[in-house]
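What follows is a set of notes on a single structure, which appears directly below.
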Amino acid sequence: MYLKKIEMKGFKSFAEHTEIIFKPGINVVVGPNGCGKSNLVDAVRWVLGENNIRELRGQKSEDVIFNGTDKFRALSMASVEIVLDNADGLLPLDYSEVAVGRKIFRSGESEFYLNKARVRLKDINKVFTGTGLGKCGYSIIGQGELEEVLNGAPMDRRLILEEASGIIKYRQQRDEVKAR
Ligand code: ATP
Ligand code: MG
């Protein structure tokens, strides 16, 4: 599995429709301070369901919507779609490409999409749990997070290992059954 494409409109500093294509292997994003490199990573986290706005360096959920500059008016909606290559079938879906989308409006309401069909966040979580891109995933390592792994509480470290080994989905299924 690898990230093939990111498409955005109105997400943070990406006011205009932006499409970025990635190739298999290592891709490097470079640019001056403040040009949007970290915003790009925030977009990937956000589309995968990150709801902790502090993790996205904001204070309230609508902070991810382009809030205007001297030249451009603020927008009322942000949308992001990522396309993942699934030729290796790592994601439990019968598609060789999987598109995950998310939209948010100033009202604060979020919509999620899987291959263009409207889904719940729960459905997105199910697809990515145990792949390294799920909650407690290790595919995106933010600044300072390496330290968290090294110095973290035993339970937090355990969750990372459970995600890496793919057994976290069984924990979640068990917790769901227990909660019934
Ligand atoms: P550095 O090299 O310093 O890490 P960077 O390329 O990672 O920089 P980002 O943090 O991605 O930069 O981008 C920061 C810019 O994004 C700031 O100029 C900030 O004003 C802008 N920004 C963040 N949120 C919004 C928003 N909602 N609307 C418009 N601009 C935004
Ligand atoms: Mg940065």
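Here the numbering used here is used: the sequence shown runs in plain steps of one and ends on residue 410.
Where a beta carbon is used, it is the ideal one built from N, C-alpha and C, also for glycine.
Note that the structure is predicted; figures quoted are calculated from it, not measured.
Does E249 pass the burial test, meaning 16 or more other C-beta atoms within 10 Å, or should it be called exposed? Against the sequence shown, residue 249 aligns to sequence position 19. Exposed is the call here.
Whole-angstrom distance between G360 and Q403, CA atom to CA atom: Working through the sequence shown from its first residue, we reach residue 403 at position 173. Working through the sequence shown from its first residue, we reach residue 360 at position 130. C-alpha separation (whole angstroms): 12 Å.
What would DSSP say about F302, mapped onto helix, strand or coil? Here residue 302 corresponds to residue number 72 of the sequence shown, with the count starting at 1. F302: coil per DSSP, three-state reduction.
For a test of the three-state rule: what should DSSP assign to S395, helix, strand or coil? Position 165 of the sequence shown, counted from the first residue, corresponds to residue 395. Assignment of S395 by DSSP, reduced to helix, strand and coil, places it in the helix class.
Whole runs of the beta strand (DSSP E) within the segment 236-304, excluding any shorter than 3 residues: Those beta strand (DSSP E) runs which fall completely within the segment 236-304 and span 3+ residues are 248-251.
Is any heavy atom in the ligand ATP found nearer than 8 Å to the beta carbon of V294? As a working note, residue 294 is residue 64 in the sequence shown. It does: the Cβ of V294 is within 8 Å (strictly closer) of some heavy atom of the ligand ATP.
Within the same chain, show all residues whose beta-carbon is closer than 6 Å to that of S306, passing over the 5 residues directly before and after it, in chain order. Along the sequence shown, one-based indexing puts residue 306 at 76. Answer for S306: R336, listed in chain order.
Check each candidate in E292, L344, D405, S395 and name the one with the smallest Cα separation from Y325. By 1-based counting over the sequence shown, the position of residue 325 is 95. Distance check between Y325 and each of E292, L344, D405, S395 places L344 closest, using alpha-carbon atoms only.
Measuring only the C-alpha atoms, how far is G362 from V330? Taking the first residue of the sequence shown as position 1, residue 362 is located at position 132. Taking the first residue of the sequence shown as position 1, residue 330 is located at position 100. For G362 and V330, the distance between alpha carbons rounds to 16 Å.
How far does the beta strand (DSSP E) with D412 in it reach, from first residue to last? Residue 412 cannot be examined here, being either before or after the span of the chain that is shown, 231 to 410.
Spatial distance of R287 from R303 (CA atoms): Numbered from its first residue, the sequence shown carries residue 287 at position 57. Numbered from its first residue, the sequence shown carries residue 303 at position 73. For R287 and R303, the distance between alpha carbons rounds to 22 Å.
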